[in-house]
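Asker: Numbered according to my numbering, the sequence shown spans residues 332 to 822. Let me begin by handing over the structure; questions about it come next.
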Amino acid sequence: MASHGEDVGEFFRYTTGRWLWDEKQQLLERYREFNIQELQATVARTLGSHNCVSMSKIGEGNFNKVFRLVMDDGAVAIARIPHPDAGPPRYTTMSEVVTMEFVQNAFPGCQPADISGDVAQGIEDEVRKHFVIGPTTRREFWEKERALMDLDRGPWKSASGYVESIAHREIAWISQYARRDSIISGYPRGKGSQKSPQDHIALLEKYLSVVSRLLPDDSDSGILTSTMAITPRLIDYHGEIQLRLPEDFKTLPEEERDRVRDQVQRSIQVYLYEDRTARVNPLLDRAIRKPHGKTLAQLVSFAGNSWDDHIVPLRDTLIDVERDWPRIFETGECLYHFSPEERSEHSEESKGYSAAQAFWEMLQSRVQSDGWTTVEDFDDAVEYFSQLREAGLASLEGEERDEFEASTRELVAGEVTGQPLALPNPRLSPPPNQTTRPARQHASKPRSPIQQSRKGPQTSLSRTPLRPPTRDDVTQPGRRRRSPSHPQPVT
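Below, the structure is given as structure tokens:
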């Protein structure tokens, strides 16, 4: 048995951060007990060592913990223990084993398999045996009650089968389990379509009517997979590309300099990534530059989480598809239509969604929209949201005040196990003179492409206390205040 140098209970628990709400459930999803002695013995046996002399946890994310094990002969191994929320254990493990086997056998000098023209049946069968779409281990097919549902998880014979299964999965789940009173973490509940299962299903049916037509043709068959990950999460950025600091950079306010510096840093990363991709991975480069490649990627992404995330991005992309239909297809009309009234309602609902994004963008250095924050920032964050609650209750009225009071009650009581904060329709604007820091790393659910990344390889600056909110931080319905000293988010 190795000497651990730390409480073995820390091996089982998630200790990197805390949540302002729903913390009990969040920690439970990341708590995993395992046989430490058996793990050490297995590693020693695999490496041909006698025994393990030390073991330490060196990292953890949403879905795994990573440990470093040192043997008596100096050999070192890295072990990864999945969390309960990592996905279906059998399929997830099989997928990783097959992936590692493929990498070991394929490199160096492997070439992508591609079936084209007249190929002997035996060769084609051999290729199809090794390269198929599914069965999928993507967590979206296993989250919540989906794990117990009879869903189409593949394997699929075509790309269209896969993208259509996403909508069928969500329609089935929403029809059976979606609740009108459920809360989307960090975003306004309001009175709009987010709370209507029928509205979600109607949009998903629109998606089904066009998504297969948006897929690349057979000559571009490999592009589908590439469009699903156009830019790696490490450098996820969707703002304006700016490769140089402006001439007046030194005269800008400090927080504006921080924003511009971050924008240039991310822009350079995106530029270098795309330049390198064009030279070493032409297929992915074609996906990036395909006229409606990003539209397809966004549409597929948003269709899979409209209820758990938000309905606005899905509807927004569907409206774009209808608008751009003549450019995508030279003939025919879009198979669905949004009326002027629907577009107007969407515009109003988008205002609350955009304001919520701006609010969380302002807090990106301290609190994520799911309530996650670092251990050292937790007390400051609780105090900030407690004061935000006071400002909100002083400014809101009627049903909106009641909903805001209910969703923030646990923070005042000192509890962190209740509902997520549901921002009310009145716009919560960023406090003026708020100095922001680049975000710390936090492995959470992948962000939708429509949203700016709040994660990235950024350098931490000095900690700045959160300024207590005031009545002005909660504004009147339909208005969005922003202090001139606070920069507009990059869009």
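Where a beta carbon is used, it is the ideal one built from N, C-alpha and C, also for glycine.
Go through the segment 665-706 residue by residue and report every complete run of the alpha helix (DSSP H) that reaches 4 residues or more, in order.
Answerer: Entirely contained in the segment 665-706, the alpha helix (DSSP H) runs reaching 4 residues are, in chain order, 671-693.
Asker: So, are the CB atoms of Ser496 and Asp483 less than 7 Å apart?
Answerer: Contact: yes.
Asker: Measuring CA to CA, which of Glu501, Arg349, Gly663 is closest to Ala712?
Answerer: Residue Arg349 is the option with its Cα nearest to Ala712.
Asker: Measuring only the C-alpha atoms, how far is Gln699 from Met693?
Answerer: Computed Cα separation, rounded: 10 Å.
Asker: Helix, strand or coil: how does DSSP classify Gly390 here?
Answerer: Three-state DSSP puts Gly390 in a strand.
Asker: Since I believe Val397 is in contact with Arg411 (beta carbons under 8 Å), could you give me their beta-carbon distance rounded to a whole number of angstroms?
Answerer: Right, their Cβ atoms sit about 5 Å apart.
Asker: Leaving out five residues on either side along the sequence, give the residues of the same chain with a beta carbon under 8 Å from the beta carbon of Pro419.
Answerer: Same-chain partners within the cutoff: Thr468, Trp473, Ala478.
Asker: What are the residues that DSSP puts in a beta bridge with Trp473?
Answerer: DSSP output for Trp473 lists no bridge partner at all.
Asker: Could you give the C-beta distance for Ser681 and Asp639, rounded to a whole number, given that I count them as a contact under 8 Å?
Answerer: 19 Å between Cβ atoms; not a contact.
Asker: Are Ile642 and Gln525 closer than 7 Å when you measure CB to CB?
Answerer: In contact: Ile642 and Gln525 (Cβ atoms closer than 7 Å).
Asker: Go ahead and label Thr767 buried or exposed: buried means 16 or more other beta carbons lie within 10 angstroms of its beta carbon, across all protein chains shown.
Answerer: Because the pLDDT at Thr767 is just 37, under 50, the model does not fix this residue reliably, and the value given afterwards should be weighed accordingly. Looking at its Cβ environment, which holds 16 or more other Cβ atoms inside 10 Å, Thr767 is buried.
Asker: Under a Cβ-count criterion, where at least 16 other Cβ atoms within 10 Å of its own Cβ denotes burial, should Glu707 be classed as buried or exposed?
Answerer: The residue in question, Glu707, is exposed, as its Cβ has fewer than 16 Cβ neighbours within 10 Å.
Asker: Name the residue from Ile389, Asn395, Leu539 whose alpha carbon lies nearest to the alpha carbon of Glu364.
Answerer: Closest option to Glu364, Cα to Cα, is Asn395.
Asker: Can you tell me the Cα-Cα spacing of Glu369 and Gly702, whole angstroms?
Answerer: Cα to Cα, Glu369 sits roughly 36 Å from Gly702.
Asker: Return the CA-CA distance between Ser717 and Gln688, expressed in angstroms with no decimal places.
Answerer: Near 20 Å, if we compare the C-alpha coordinates of Gln688 and Ser717.
Asker: What is the DSSP secondary structure of Met402, reduced to helix, strand or coil?
Answerer: Strand at Met402.
Asker: Look up Thr801 in the DSSP assignment and say whether it is helix, strand or coil.
Answerer: Confidence in Thr801 is poor, its pLDDT being 36 and thus under 50, which makes the residue's placement too unreliable to answer from.
Asker: Thinking just about the alpha-carbon of each residue, which of Lys355, Ile367, Asp353, Leu351 is nearest to the one in Phe343?
Answerer: Closest by alpha carbon: Ile367.
Asker: How many Å lie between Arg399 and Val428 at the Cα?
Answerer: Looking at the two C-alpha atoms, the distance is approximately 20 Å.
Asker: Can you name, in chain order, every residue of its own chain whose Cβ lies under 7 Å from the Cβ of Tyr422, other than the five neighbours on each side?
Answerer: Result list for Tyr422: Pro466, Thr468, in chain order.
Asker: Pull up the distance between the alpha-carbon of Arg610 and that of Lys621, whole angstroms please.
Answerer: Going from the Cα of Arg610 to the Cα of Lys621 covers about 16 Å.
Asker: Looking at the unbroken alpha helix (DSSP H) that takes in Ala372, where does it start and where does it end?
Answerer: Here the alpha helix (DSSP H) through Ala372 covers 367-378.
Asker: Could you give the DSSP three-state label for Gly418: helix, strand or coil?
Answerer: Looking at Gly418 - three-state DSSP - the assignment turns out to be coil, as it is neither helix nor strand.
Asker: Can you name, in chain order, every residue of its own chain whose Cβ lies under 8 Å from the Cβ of Glu476, other than the five neighbours on each side?
Answerer: Here the set comprises Trp504, Gln507, Tyr508.
Asker: Ordered along the chain, which non-local residues of its own chain (more than five positions away) have a Cβ less than 7 Å from that of Leu378?
Answerer: Same-chain partners within the cutoff: Met402, Ala406, Ala408.
Asker: Thinking C-beta only, is Leu545 closer than 7 Å to Leu645?
Answerer: No, the Cβ-Cβ distance between Leu645 and Leu545 is not below 7 Å.
Asker: Could you please give me the residues that DSSP links to Ile409 through a beta bridge?
Answerer: According to DSSP, Ile409 bridges with Arg399.
Asker: DSSP three-state label for Arg732, please.
Answerer: Helix.
Asker: Please confirm whether His499 and Ser637 have their CB atoms less than 7 Å apart.
Answerer: No; because the gap between Cβ atoms is not below 7 Å, this pair is not in contact.
Asker: Let me make sure I understand the geometry here. Which of Val652, Glu432, Pro415 has the alpha-carbon closest to that of Arg470?
Answerer: The residue with the shortest Cα to Cα distance from Arg470 is Pro415.
Asker: Please decide whether Gly348 counts as near chain D, where near means a Cβ-Cβ distance under 7 Å.
Answerer: Here there is only one protein chain, and chain D is not present.
Asker: Indicate the three-state DSSP secondary structure (helix, strand or coil) for Ile642 in the structure shown.
Answerer: Coil.
Asker: In three-state DSSP terms, what is Ser598?
Answerer: Helix.
Asker: Verify whether the separation of the beta carbon atoms of Ser598 and Leu576 is less than 7 Å.
Answerer: No. Outside cutoff.
Asker: If you draw a straight line from the C-alpha of Leu797 to the C-alpha of Arg617, how long is it?
Answerer: The pLDDT assigned to Leu797 is 42, lower than 50, so where the model puts this residue is not dependable; a value taken from the coordinates is nonetheless given after this. Answer to the nearest angstrom: the Cα atoms are 44 Å apart.
Asker: Could you pull the DSSP bridge partners for Trp656 from this structure?
Answerer: None; Trp656 has no bridge partner.
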